[in-house]
Amino acid sequence: MQFRHPQEVGGLYFSLNMFLPLLGLTFLLALDLAKENLSEGTVAFLRSLVMILGGSLIFLLGAFLLLMNKEYRHTFFSFETGGQMTRRVFLE
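Mapping of the sequence shown onto this note's numbering: residues 17 to 108, in sequence order.
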C-alpha cells in the first residue's frame, strides 16, 4: 500500500511509507512460518532479503539526509502537508 504524494500527506508519512513494504514482507514471512508452509532454504533466503533491503534502505536514507541541505531535513519528519506549508509561508 502506498500513501499519496508528500504534498498531500506530509513528510513523515512519506518517509514511513518507504518502510511499509519491508514490514509487509516481514509480516508475511512470520505468517507463513506459523503455518509451516515454507522450507528452511526459503525462510533463510527471505530473512536475508529482508535484512539486506532493510539495511540498504536505512543506509541510503541516512546518506540522503546527510547530503541534503540542513534547512530542508525537517520536511521529512513533519506532519505539515505541502498545502499547509504554502498557506503558512505566503499568507502569514
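Every residue, glycine too, gets a C-beta built ideally from N, C-alpha and C. Computed from a predicted model, the values in this text were never measured in an experiment.
Between residue i and residue j, what straight-line distance do the alpha-carbon atoms span, to the nearest angstrom?
i: Leu39; j: Leu107; result: 39 Å
i: Ala50; j: Val59; result: 12 Å
i: Leu45; j: Arg104; result: 44 Å
i: Ser64; j: Thr102; result: 43 Å
i: Leu73; j: Lys86; result: 20 Å
i: Ser55; j: Leu77; result: 33 Å
i: Arg89; j: Leu62; result: 33 Å
i: Ala79; j: Gly71; result: 12 Å
i: Phe43; j: Gly98; result: 32 Å
i: Met67; j: Asn33; result: 18 Å
By the three-class DSSP mapping on this structure, what secondary structure does residue i have?
i: Ile65; result: One point to set straight first is that residue 65 is Leu, not Ile, in the sequence displayed. Helix, per DSSP.
i: Ser55; result: coil
i: Ser31; result: helix
Check the C-beta distance from residue i over to residue j and give it rounded, since I have them as a contact under 8 Å.
i: Leu81; j: Phe95; result: Contact doesn't hold; Cβ gap of about 18 Å is too wide.
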